[in-house]
Amino acid sequence: MLIQFRVGNYRSFGSEVTLSMEAVKAFKEHEENVIEAEHYRLLRSSAIYGANASGKTNLGMALDFMRDLVLSSASRNSVAEISTEPFRLDKKNLIKPSLFEVVFLLDSFTYRYGFEVTGERVNSEWLFRTQGSSRNVKSPLFTRILDKIEVSADFKEGLGYETKTRGNALFLSTVDQQNGTIAHTIIKWFNAVKILSGMRDEAYERFTLKQMDDPVKRQRIIDFVRQVDDSISNITIDKVINPLLQTSSTDFTIIRAQVDGSIPCGEVGFSLASDESAGTRKILQLSGPWFEMLDQGNIAFVDELEARLHPHLTRRLVRLFNSPETNPRNVQLIFVTHDTNLLTYGGLRRDQVWFCEKMPSGSSDLYSLAEIKVRKGAKFENEYIAGKYGAIPYFGNIHDVGGVI
5 MLIQFRVGNY
15 RSFGSEVTLS
25 MEAVKAFKEH
35 EENVIEAEHY
45 RLLRSSAIYG
55 ANASGKTNLG
65 MALDFMRDLV
75 LSSASRNSVA
85 EISTEPFRLD
95 KKNLIKPSLF
105 EVVFLLDSFT
115 YRYGFEVTGE
125 RVNSEWLFRT
135 QGSSRNVKSP
145 LFTRILDKIE
155 VSADFKEGLG
165 YETKTRGNAL
175 FLSTVDQQNG
185 TIAHTIIKWF
195 NAVKILSGMR
205 DEAYERFTLK
215 QMDDPVKRQR
225 IIDFVRQVDD
235 SISNITIDKV
245 INPLLQTSST
255 DFTIIRAQVD
265 GSIPCGEVGF
275 SLASDESAGT
285 RKILQLSGPW
295 FEMLDQGNIA
305 FVDELEARLH
315 PHLTRRLVRL
325 FNSPETNPRN
335 VQLIFVTHDT
345 NLLTYGGLRR
355 DQVWFCEKMP
365 SGSSDLYSLA
375 EIKVRKGAKF
385 ENEYIAGKYG
395 AIPYFGNIHD
405 VGGVI
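The following block contains the structure:
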């Protein structure tokens with residue numbers, strides 16, 4: 005489970021920011037949203053609000069970049085560039101490395117792993133581990149400064165590979181390729197981090213189609229979609245043939261009851277692609293990866309969660325993760341949203357609400373509602389819209405826009 009994620013000098017994050025998934029001890033609201041594990045109190049979800057272009061999406065991109073580099077760096081060739089993107093609005097940042105670090109709980113151990121990279125090489129890398137809960141993970145498994153790698157006795161699997169690690173490859177990934185046990189465990193943790201976009205739901209349709217090959221998963225998906233639209237009686241998968249192009253494809257068919265007046269007289273099918281609303285398409289297309297995350301993930305980052313969804317449905321999706329009954333594996337959800345209804349009706353704690361704000365320097369800042377002195381019963385939605393917490397758009401005078409009469 006994720007304890008915190010830290011990033012600096014990456015895209016719009018010129019300075020370091022930290023997203024914490026630790027619950028504030030003093031807060032007692034919505035205790036069902038808290039996971040008790042190894043002396044930690046961790047949050048099941050976090051919502052990130054902010055104006056357009058404030059940097060919210062970049063946080064997910066940073067986590068995705070870190071995940072991708074961990075999973076693939078050792079297999080790249082020796083001249084491959086590292087595709088990091090430093091903050092470009094300050095010239096000093098262009099020659100500085102980008103920083104990425106996660107602290108997470110796994111198998112009763114607390115790990116702190118991170119690295120600093122430029123486009124050419126890994127500047128530094130570190131892995132610390134301690135048993136149970138500790139605010140300072142001080143036991144090093146390995147540390148690295150440029151090509152100098154120091155390996156502790158507790159990381160014997162890394163011995164002998166210090167000089168065999170390329171400058172543009174991560175030591176952790178290199179040791180994993182040599183079947184290192186600890187390295188493999190951490191690589192598996194990163195592999196279970198899922199990054200989704202609520203704006204690209206059609207990209208997940210093929211995955212959902214595959215999930216429906218399993219009768220149990222198929223029924224769960226149907227039951228979930230029926231909660232959204234109870235007129236649906238079944239969902240089938242049909243082959244669509246294009247005689248002109250001599251091609252075939254698959255499409256979902258939504259089955260609904262048909263009546264003659266008020267008397268049931270049969271069923272009628274509707275093509276998901278051509279007959280159904282954007283909201284129905286999104287829910288069905290995303291349901292496959294959504295339930296896969298609940299079954300096998302550890303962290304899910306979803307950008308633009310509420311796109312094309314009614315606020316009631318967005319709230320239901322969030323509660324899938326916040327409920328111990330529907331989320332028994334304690335998968336954590338981090339999501340970007342503009343749905344302010346969640347601040348009133350979403351059942352969120354103050355420490356689950358985060359704001360991303362563009363500073364005058366152009367750099368993005370990230371801070372929690374828990375850091376702002378607000379009382380438990382405050383009208384969070386109204387106060388956010390009113391600008392009390394920042395992270396909202398500011399507009400100039402519309403009459404200054406050319407062409408406005």
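Adding 4 to a residue's 1-based position in the sequence shown gives its number in the working numbering. Ideal placement from N, C-alpha and C gives every residue a C-beta, glycine not left out.
Grab the span of the alpha helix (DSSP H) containing F325 for me, first residue to last.
It spans 315-326 - the alpha helix (DSSP H) in which F325 sits, taken as one unbroken run.
Nearest CA to the CA of R354: which residue from D369, T341, L373?
Closest by alpha carbon: L373.
Proximity of R285 and L298 at Cβ, strictly below 7 Å
For R285 and L298, no; Cβs fall outside 7 Å.
Tell me which residues share the same chain as Q289 and place their Cβ nearer than 7 Å to its Cβ, disregarding the 5 neighbours each side in the sequence.
Only D205, E206, Y208, E209, T212 meet the Cβ criterion.
Please give me, in chain order, every unbroken run of the alpha helix (DSSP H) with length at least 4 that falls completely inside the stretch 23-101.
60-76, all fully within the stretch 23-101.
Whole-angstrom C-beta distance between K60 and C360, which should lie under 8 Å:
Right, their Cβ atoms sit about 5 Å apart.
Closest residue to S143 among N127, V155, V263 (Cα-Cα distance)
The option with the nearest alpha carbon to S143 is V155.
Inter-residue spacing [alpha-carbon to alpha-carbon] between S16 and V74
So the alpha carbons of these two residues sit roughly 22 Å apart.
In terms of residue numbering, what span does the alpha helix (DSSP H) encompassing I191 cover?
From DSSP, the alpha helix (DSSP H) with I191 extends over 185-195.
Where R148 falls: helix, strand or coil (DSSP):
If DSSP states are grouped into helix, strand and coil, R148 belongs with the strands.
CB contact flag (I239, F228, <7 Å)
Not closer than 7 Å, so no.
What would DSSP say about I396, mapped onto helix, strand or coil?
Three-state DSSP puts I396 in coil, outside helix and strand.
Are L370 and F339 touching if we call contact CB-CB under 7 Å?
No, the pair does not count as a contact, with Cβ atoms beyond the cut-off.
Measure the alpha-carbon distance for T167 versus A187 and round it to whole angstroms.
For T167 and A187, the distance between alpha carbons rounds to 17 Å.
Compare the C-alpha of S201 against each of G381, A311, S19, D234 and name the closest.
When only C-alpha atoms are compared, the closest one is A311.
In whole angstroms, what is the alpha-carbon distance linking N56 and G12?
Roughly 20 Å between the two C-alpha positions.
Extent of the continuous beta strand (DSSP E) run through N127
Per DSSP, N127 belongs to the beta strand (DSSP E) from 126-135.
Mapping DSSP to helix, strand and coil, what is I402?
Since pLDDT at I402 reaches only 49, below the 50 mark, its modelled position is unreliable, and no value is offered.
For the stretch 83-93 against the stretch 36-54, do three or more pairs of beta-carbon atoms, one drawn from each stretch, fall closer than 8 Å, so that the two count as touching?
Contact fails: fewer than three Cβ-Cβ distances are below 8 Å.
Closer than 6 Å by C-beta to D218: which residues in its own chain qualify, once you throw out the five before and the five after it? Chain order, please.
Hits under 6 Å: none found.
Closest by CA to Q412, which one among N326, G381, L109, A196?
Because residue 412 is not part of the residues shown, which for the chain are 5 to 409, the question remains open.
Give me, in chain order, the residues of the same chain whose beta-carbon lies closer than 7 Å to that of G171; leave out the 5 immediate sequence neighbours on both sides.
So the qualifying residues of the chain are R125, V126, D151.
I396 to Y53 span [Cα, whole Å]
When rounded, the distance between both Cα atoms is 8 Å.
Which whole-angstrom value is the C-beta distance of M5 and F108, which I expect to be below 8 Å?
M5 to F108, Cβ: 6 Å. Contact.
Is the distance from the Cβ of D68 to the Cβ of I199 below 7 Å?
Yes. Within cutoff.
Using C-beta distances below 6 Å, list every residue in its chain close to V197, excluding the 5 sequence neighbours before and after it, in chain order.
Here the set comprises R71, I303.
A50 burial status per 10 Å Cβ neighbour count (16 or more: buried)
At residue 50 the sequence reads Ser, which differs from the Ala that was named. Classification for S50: buried.
Using a Cβ-Cβ cut-off of 7 Å (strictly less than) and excluding sequence neighbours within five positions of Q135, which residues of its own chain qualify?
Answer for Q135: S112, F113, listed in chain order.
L163 classed as buried or exposed, judged by whether at least 16 other C-beta atoms fall within 10 angstroms
With fewer than 16 other CB atoms across the displayed protein chains lying within 10 angstroms of its CB, L163 is exposed.
Just to confirm my understanding: we take L174, look at its own chain, exclude 5 residues before and 5 after, and list those with CB closer than 8 Å. What are they?
Closer than 8 Å at Cβ, skipping near neighbours: L73, V74, S77, A78, F119, V126, E129.
Contained beta strand (DSSP E) runs [length at least 3] in the stretch 322-375, N- to C-terminal order:
For the stretch 322-375, whole beta strand (DSSP E) runs of length 3 or above, ordered along the chain, are 336-340, 357-362, 368-372.
Between which two residues does the beta strand (DSSP E) carrying A304 extend?
Where A304 is concerned, the enclosing beta strand (DSSP E) stretches over 303-307.
Give the straight-line distance between the Cα atoms of E20 and G123, rounded to the nearest whole angstrom.
Using only the alpha carbons, I get a separation of about 19 Å.
Unbroken alpha helix (DSSP H) run spanning L176, endpoints:
Run containing L176: 175-181, per the alpha helix (DSSP H) assignment.
Tell me which residues share the same chain as F384 and place their Cβ nearer than 6 Å to its Cβ, disregarding the 5 neighbours each side in the sequence.
Within the same chain, F384 has close Cβ partners L347.
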